[in-house]
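Working notes for the structure below.
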């Protein structure tokens, strides 16, 4: 990787080569000493992974972007038919900073020539780690954020930081197939992927004064489908949309350290966030945490 500066331009090209060898030995259940494997799998993967990024600065405004290849090896549990995950990732965005305000917006597109699914216990699989080909797919969206200090122009050490962030994601399979990977199953061209919310929103406001820091935050997400498909999410194949509020605070106790506390899911909202493994999974209930952090002895 190298960084090239040309006036207001900064260009960063790079390339990485990966050579990976996997060896997996499977043993019978009645062979606890593992004296003789019942099956041996060997998998070798070579990949060149290039990319280039750029930025252009114009006073308070800067524009940036890049094109990078994505790569994911199939893993030791893959069979010979499983290909590596391969994609091309594009992004283009802008960043503006002035008078206590920082705003950023990024558009992104990931084009997969082959996307992989993995049979983990968390996805309802058998925990073998076996990878499954998903063919071509596309994920695109926009990320936007806003940071502002409500007291940026006021003298003194008191600050009231405000932050908002939003992500919109649109994804789909571009090829049809039948898969043994449970969250996919029978997929048609244009089907949406499981466990990808279309809308995500977060925000926070804080109060910082000398050794004190208080914060209230919010996280919101739209409903997600838990099975690949199209159209409205069928009953029993989705999660809940939710809005969760959190609160936290900390105080610096001189050289002794920092006392901190946090309350998550203040309203104790009950909402489903997954259906695997083993059925519905709720979000974190109201939880309180308190602790003391020592950052170093002087």
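In our numbering, the protein residues as written are 783 to 1080.
Virtual Cβ for every residue (Gly too), placed ideally from N, Cα, C.
Keep in mind that this is a model prediction, so the values were computed, not measured.
N-terminal and C-terminal residue of the beta strand (DSSP E) that residue i is part of
i            : result
residue 1007 : It is not in any beta strand (DSSP E) - residue 1007 carries neither H nor E in the DSSP assignment.
residue 961  : Taken as a continuous stretch (DSSP letters only), residue 961 belongs to no beta strand (DSSP E), as it is neither H nor E.
residue 832  : 821–840
residue 1055 : 1054–1056
residue 899  : 898–900
residue 913  : 913–915
Cβ shell of residue i (< 7 Å), same chain only, five flanking positions each side left out
i            : result
residue 1001 : 984, 1026
residue 1035 : 1041
residue 923  : 890, 949, 950, 951, 952
residue 825  : 804, 856, 858, 860
residue 1069 : 1046, 1047
residue 971  : 955, 956, 957, 958
residue 810  : 820
residue 968  : 960
Selection from the options that minimises the alpha carbon distance to residue i
i            : options                : result
residue 889  : 915, 864, 1050, 926    : 926
residue 823  : 812, 814, 807, 866     : 807
residue 973  : 958, 986, 1059, 987    : 958
residue 729  : 988, 936, 928, 980     : The displayed coordinates of the chain run from 783 to 1080. Any statement about residue 729 would go beyond what the structure contains.
residue 1048 : 1038, 991, 1071        : 1071
residue 799  : 853, 970, 938          : 853
residue 1017 : 793, 1005, 850         : 1005
residue 1064 : 1076, 786, 1077, 1050  : 1050
residue 946  : 998, 827, 848, 846     : 998
residue 979  : 1015, 992, 960         : 1015
residue 1023 : 1037, 977, 1030, 1058  : 977
residue 919  : 801, 954, 783          : 954
residue 993  : 1037, 1013, 1019, 1003 : 1037
residue 851  : 812, 1073, 836, 895    : 895
Strand pairing of residue i, partner residues [DSSP]
i            : result
residue 850  : 833, 871
residue 883  : 880, 930
residue 1046 : 1069
residue 999  : 986, 1028
residue 809  : DSSP, once it has assigned bridges, lists no residue as partnering residue 809.
residue 1020 : 1007
residue 1063 : 1056
residue 969  : 959
residue 786  : 793
residue 937  : DSSP output for residue 937 lists no bridge partner at all.
residue 919  : 894, 955
residue 947  : 927, 984
residue 1081 : Outside the shown range of the chain, which is 783 to 1080, sits residue 1081, and nothing can be said about it.
residue 889  : 874, 924
Other residues of its chain near residue i: CB distance less than 8 Å, five sequence neighbours each side excluded
i            : result
residue 1062 : 1054, 1056
residue 863  : 915
residue 790  : 838, 839, 840
residue 986  : 943, 944, 945, 997, 998, 999, 1000
Residues near residue i in its chain [Cβ-Cβ closer than 6 Å; skip 5 each side]
i            : result
residue 797  : 832
residue 936  : none
residue 877  : 844, 886
residue 1032 : 995, 1040, 1042
residue 892  : 869, 871, 921
residue 821  : 808
residue 917  : 957, 959
residue 928  : 885, 946
Contact between the region 1002–1015 and the region 957–971: three or more CB pairs below 8 Å? With a cut-off of 8 Å on Cβ pairs, the region 1002–1015 is in contact with the region 957–971, counting three or more such pairs.
Specify whether the region 833–848 and the region 878–897 touch according to this definition: at least 3 beta carbon pairs, one from each stretch, less than 8 Å apart. Yes: the two stretches touch, three or more of their Cβ pairs being nearer than 8 Å.
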